[in-house]
Amino acid sequence: MAKFWKPGTEKPRLVEDEDGGVLFLYSSSSSSSSSSSTFGFANNLQNQRQRLPVYKRKDAILFLVENYATTIIVGETGSGKTTQIPQYLNEGGWSDDGHVIACTQPRRLAVQSVASRVAEEMGVKLGEEVGYVIRFEDVTTPGVTRVKFLTDGVLLREMMDDPLLSKYSVIMVDEAHERSISTDVVLGLLKKIQRRRPELRLIISSATIEAKSIASFFRPSKKHRGAGDDVVPKREPAIISAEGRGFTVGINYVQEPVADYLQAAVSTVMLIHKQQAAGDILVFLTGQDDIDAAAQLLNEEAQSSDRSTGGLLVLPLYSGLSRADQARILSSSVTLQDLVFSPTPRGKRKVIISTNIAETSLTLEGIVYVVDSGFSKQRFYDPISDIENLVVAPISKASARQRAGRAGRVRPGKCYRLYTEEYFVNEMPAEGIPEMQRSNLVSCVIQLKALGIDNILGFDWPASPSPEAMIRALEILYSLGVLDDDAKLTSPTGFQVAEIPLDPMLSKAMLASGELGCSEEMLTIAAALSVQSIWISIRGAQKQLDEARLRFAAAEVSPSAPLYSPMLRTQGDHVTFLNVYKGFLQSGKSSKWCHKNFVNYHAMKKVLETREQLKRTAQRLGIILKSCDKDMQAVRKAITAGFFANACHIEPYTHEGKFKTVRTSEDVYIHPSSVLFRVNPKWVVYHSLVSTDRRYMRNVVTIDPAWLVEVAPHYYQYQGPGSLNR
Ligand code: CDP
Ligand code: MG
Numbered sequence: 001m002a003k004f005w006k007p008g009t010e011k012p013r014l015v016e017d018e019d020g021g022v023l024f025l026y027s028s029s030s031s032s033s034s035s036s037s038t039f040g041f042a043n044n045l046q047n048q049r050q051r052l053p054v055y056k057r058k059d060a061i062l063f064l065v066e067n068y069a070t071t072i073i074v075g076e077t078g079s080g081k082t083t084q085i086p087q088y089l090n091e092g093g094w095s096d097d098g099h100v101i102a103c104t105q106p107r108r109l110a111v112q113s114v115a116s117r118v119a120e121e122m123g124v125k126l127g128e129e130v131g132y133v134i135r136f137e138d139v140t141t142p143g144v145t146r147v148k149f150l151t152d153g154v155l156l157r158e159m160m161d162d163p164l165l166s167k168y169s170v171i172m173v174d175e176a177h178e179r180s181i182s183t184d185v186v187l188g189l190l191k192k193i194q195r196r197r198p199e200l201r202l203i204i205s206s207a208t209i210e211a212k213s214i215a216s217f218f219r220p221s222k223k224h225r226g227a228g229d230d231v232v233p234k235r236e237p238a239i240i241s242a243e244g245r246g247f248t249v250g251i252n253y254v255q256e257p258v259a260d261y262l263q264a265a266v267s268t269v270m271l272i273h274k275q276q277a278a279g280d281i282l283v284f285l286t287g288q289d290d291i292d293a294a295a296q297l298l299n300e301e302a303q304s305s306d307r308s309t310g311g312l313l314v315l316p317l318y319s320g321l322s323r324a325d326q327a328r329i330l331s332s333s334v335t336l337q338d339l340v341f342s343p344t345p346r347g348k349r350k351v352i353i354s355t356n357i358a359e360t361s362l363t364l365e366g367i368v369y370v371v372d373s374g375f376s377k378q379r380f381y382d383p384i385s386d387i388e389n390l391v392v393a394p395i396s397k398a399s400a401r402q403r404a405g406r407a408g409r410v411r412p413g414k415c416y417r418l419y420t421e422e423y424f425v426n427e428m429p430a431e432g433i434p435e436m437q438r439s440n441l442v443s444c445v446i447q448l449k450a451l452g453i454d455n456i457l458g459f460d461w462p463a464s465p466s467p468e469a470m471i472r473a474l475e476i477l478y479s480l481g482v483l484d485d486d487a488k489l490t491s492p493t494g495f496q497v498a499e500i501p502l503d504p505m506l507s508k509a510m511l512a513s514g515e516l517g518c519s520e521e522m523l524t525i526a527a528a529l530s531v532q533s534i535w536i537s538i539r540g541a542q543k544q545l546d547e548a549r550l551r552f553a554a555a556e557v558s559p560s561a562p563l564y565s566p567m568l569r570t571q572g573d574h575v576t577f578l579n580v581y582k583g584f585l586q587s588g589k590s591s592k593w594c595h596k597n598f599v600n601y602h603a604m605k606k607v608l609e610t611r612e613q614l615k616r617t618a619q620r621l622g623i624i625l626k627s628c629d630k631d632m633q634a635v636r637k638a639i640t641a642g643f644f645a646n647a648c649h650i651e652p653y654t655h656e657g658k659f660k661t662v663r664t665s666e667d668v669y670i671h672p673s674s675v676l677f678r679v680n681p682k683w684v685v686y687h688s689l690v691s692t693d694r695r696y697m698r699n700v701v702t703i704d705p706a707w708l709v710e711v712a713p714h715y716y717q718y719q720g721p722g723s724l725n726r
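The opening position of the sequence shown corresponds to residue 1 in our numbering, with each subsequent residue numbered one higher.
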């Protein structure tokens with residue numbers, strides 16, 4: 001088995017600078033010792049803070065922020081950028097006079113985890129001096145919060161009320177190397193804001209070399225240069241490196257390409273566990289499915305084999321991981337998240353199986369071995385079919401290096417790449433494609449429009465989006481009545497849709513529900529669609545789950561009723577959400593009830609919270625709050641008003657449940673998780689599509705095709721019974 005691996009020759013890389021005028025501080029040599037874990041003791045926390053690589057750069061960072069409008073900080077994961085720099089700024093007086101220091105993250109989980117860590121380090125209660133905001137969750141106290149963590153998407157929304165972001169003195173855009181769509185939009189807008197607010201300071205932090213292209217983006221063009229060198233803050237971006245703690249990581253490659261990376265990952269973990277010295281293992285897989293599967297395989301292995309394989313503590317880590325799942329996996333009250341971030345118990349070896357969330361945005365202590373599948377889930381958008389898919393795709397060299405680096409934080413580590421060296425050298429792309437260039441741009445375009453940026457194609461993007469995707473986004477927004485003939489936001493619809501923090505199609509359905517008298521129902525549906533899933537899925541209990549789901553599928557069927565073909569009366573998944581919600585309220589929001597019905601209690605609590613938030617937005621916008629009670633037709637019609645572009649009809653002469661999209665005549669199928677699976681009504685609209693072996697519609701509802709013409713006469717023409725054209 002050991003022959004499986006071939007040691008690599010990749011050398012650690014140095015970040016270097018080539019452009020004149022940019023200040024660049026090289027890192028000192030890597031410091032040797034690292035702290036043993038000393039969590040939970042305040043005095044030790046302070047010691048720990050001072051041992052972080054950025055600590056040595058504290059004065060330099062404060063100097064640069066004072067003197068330069070934009071400071072770019074490069075430093076490997078775990079060097080203290082995210083947790084320390086906002087605190088330095090706070091200590092350095094940047095939150096005086098009621099100003100707030102903002103730090104953005106691409107991911108919600110990172111926002112929460114980092115904010116609570118910083119609150120702990122500062123010895124304050126989370127939500128007071130240190131707070132965070134993610135969509136539908138605001139844990140800050142206005143006037144009190146000085147350091148605020150938020151997703152970049154939330155920062156974008158804040159610009160709608162406060163276009164110059166005037167309450168912030170410094171905005172740190174963290175994890176900029178990830179080039180998420182919101183990060184790129186935020187960078188573009190901040191560059192604009194800087195011209196109007198020269199006193200605003202930006203910090204852009206990046207784990208990798210990507211810093212260079214970001215620096216050139218922020219370098220003022222000749223037109224804007226002009227001002228003398230002595231003007232403070234200087235407009236040239238400064239770059240500083242806070243490297244310096246990594247240990248060497250030995251790279252191992254497989255000798256032959258692996259057929260099944262999941263299986264290969266599991267055997268590699270077992271091999272490390274049997275043959276290698278103590279130290280935790282971090283495995284990079286792609287998503288919930290393969291992570292859960294690998295966790296299960298490892299747990300089975302660990303239990304079935306002899307003592308030598310005992311002592312493995314298997315911990316899945318992905319964004320949608322709910323507390324209920326965590327408790328189930330662990331059958332204890334300790335949350336998985338606590339375990340992932342806390343020191344490994346004596347005699348145990350942690351195996352954290354993660355998505356690329358652990359690549360840079362989360363710090364995990366004690367990792368010595370990394371197993372890299374070479375894949376991650378990435379979003380790809382096809383503007384022609386308007387399908388956005390999360391696809392398992394090869395990672396870039398930059399990602400692979402980043403993943404390997406996670407093994408060298410505590411002491412020299414090892415990385416096992418589940419691909420060949422030949423592949424790494426010759427085939428793996430050097431850098432990933434910015435999300436901007438592979439995403440649906442509808443939400444992005446509407447937000448820019450709402451901020452008054454009309455010439456979107458001429459916008460100064462860090463990476464230009466594809467014209468096809470841009471045109472498609474404009475087309476969708478136009479069809480929703482959000483944009484007018486001049487591509488300006490319509491009033492009031494356009495402005496209202498932009499204000500609702502949902503996908504524009506869903507926002508439009510929300511507006512329509514006000515007119516159709518079913519806004520109470522639509523609030524519930526929108527909230528349910530915004531959680532990952534309201535169901536508990538337990539491997540091996542798929543049949544029971546399907547049955548539970550079907551019990552809620554038809555209106556009027558009580559959960560205790562026998563299962564006599566309720567399918568016949570099923571109107572779709574959205575209606576099912578309403579029935580579950582009703583049942584949940586009737587049970588007195590009972591967790592027992594949820595458990596009995598395969599409903600995810602924590603997701604339902606989240607639905608309640610989200611619904612409340614959406615309700616406030618709806619009230620602010622003057623949407624009439626009304627319930628249609630049992631009139632599901634109103635609900636389905638309101639959904640159609642938003643999702644008419646996603647209409648499909650069944651292919652009459654096939655027996656396999658094949659549908660065609662009206663817009664592009666593409667073959668699509670109802671997803672097996674839908675209550676309409678195998679029911680195959682004539683006409684449906686779907687909420688989203690996923691592509692696996694086939695294109696599947698998720699969250700599907702039945703409609704009457706006449707509604708399409710009624711709600712979107714500009715989009716559809718009725719051409720006699722059963723035929724509809726665009
Ligand atoms: O942002 P960067 O990757 O440079 O580092 P960081 O997230 O600020 O983490 C610095 C240190 O804080 C890590 O080495 C961890 O020891 C600690 N940390 C933690 O214990 N818990 C967290 N949730 C975040 C950081
Ligand atoms: Mg960080």
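Even glycine gets a Cβ: it sits at the ideal position worked out from N, Cα and C.
- Of the residues Tyr88, Ile670, Val690, the one whose Cα lies closest to the Cα of Glu656 is Ile670.
- Restricting attention to Glu76, Glu120, Thr664, Gly287, the CA atom closest to the CA of Ala407 is found in Glu76.
- Taken from the Cβ of Asp174, at least one heavy atom of the ligand MG lies inside 7 Å.
- Sequence-distant partners of Ala512 (beyond 5 residues in either direction) whose C-beta falls short of 6 Å from its own C-beta, in its chain, are Ala638, Ala641.
- Between the alpha carbons of Pro257 and Thr420 lies a gap of roughly 6 Å.
- Straight through space, the alpha carbons of Cys415 and Val314 are spaced by roughly 18 Å.
- When the beta-carbon positions are compared, Ile353 and Pro316 come within less than 8 Å of each other.
- When Cβ pairs closer than 8 Å are counted between the two stretches, the segment 120-130 is seen not to touch the segment 158-169, the count staying below three.
- Within the same chain, Phe375, Ser376, Lys377, Val392 come within 6 Å of Thr286 by CB-CB distance, once the 5 residues on both sides are set aside.
- Excluding the 5 residues flanking it on each side, Ser180 has same chain C-beta neighbours closer than 6 Å at Pro106, Glu435, in chain order.
- Restricting attention to beta strand (DSSP E) runs no shorter than 3 residues, the segment 131-158 encloses them at 137-139, 147-151, ordered along the chain.
- At a cut-off of 7 Å, the beta-carbon of Thr363 counts as near the ligand CDP: some heavy atom of the ligand is closer than that.
- As summarised for the segment 633-689, the continuous beta strand (DSSP E) elements at least 3 residues long and confined to that stretch are 647-650, 658-661, 667-670, given in chain order.
- In terms of side-chain proximity, the C-beta atom of Leu189 is found no nearer than 7 Å to any non-hydrogen atom of the ligand CDP.
- Burial is judged here by how many other beta carbons sit within 10 angstroms of a residue's own beta carbon; Ile193 has at least 16 and is buried.
- Not a single heavy atom of the ligand MG lies less than 7 Å from the C-beta of Thr71.
- Proximity of the beta carbon of Arg401 to the ligand CDP is not indicated: no heavy atom of the ligand is located closer than 7 Å.
- Close CB contacts of Arg472 within its chain, under the 7 Å cut and outside five residues either way in sequence, are with Pro383, Asp386 (chain order).
- Residue nearest to Pro53 within the set Tyr68, Ile240, Thr104 is Ile240 (criterion: CA-CA distance).
- The beta-carbon separation of Ser688 and Arg698, rounded to 5 Å, stays under the 8 Å limit for a contact.
- Chain order is used for the residues whose beta-carbon lies nearer than 5 Å to a heavy atom of the ligand CDP, namely Thr77, Gly78, Ser79, Gly80, Lys81, Thr82, Thr83, Ser113, Arg117, Thr363.
- Counting along the chain, no alpha helix (DSSP H) covers Ile353; the unbroken beta strand (DSSP E) around it starts and ends at 349-354.
- DSSP assignment within the segment 31-108 yields the following whole beta strand (DSSP E) runs of 3 residues or more, N-terminal first: 70-74, 100-105.
- As a beta-bridge residue in DSSP terms, Lys234 pairs with Tyr68.
- For Met159 and Asn455, the gap between their C-alpha atoms comes out near 18 Å.
- Listed in chain order, the non-local C-beta contacts of Asp96 below 8 Å within the same chain number zero, local neighbours out to five positions each way being set aside.
- When rounded, the separation of the alpha-carbon atoms in Leu489 and Leu164 is 20 Å.
- Setting aside the 5 residues that flank it on each side, Met505 is surrounded in the same chain by Gly642, Phe643, each with a C-beta closer than 6 Å to its C-beta; the list follows chain order.
- With respect to Lys234, Tyr68 sits close: the two C-beta atoms are nearer than 8 Å.
- In the displayed model, Thr692 falls within coil according to three-state DSSP, outside both helix and strand.
- DSSP places Lys377 in the uninterrupted beta strand (DSSP E) bounded by 375-382.
- Sorting Ser79, Asn44, Glu66 by C-alpha distance to the C-alpha of Lys56 places Ser79 at the top.
- For Tyr318, same chain residues with a beta-carbon under 8 Å away, outside a window of 5 residues either side, are Gly287, Gln288, Ile291, Ser354, Thr355, Ile357 in chain order.
- For Leu187, the uninterrupted alpha helix (DSSP H) segment begins and ends at 181-196.
- At the C-beta level, Phe459 and Leu451 stay beyond 8 Å of one another.
- Ile281 has Val351, Tyr369 as its beta-bridge partners, per DSSP.
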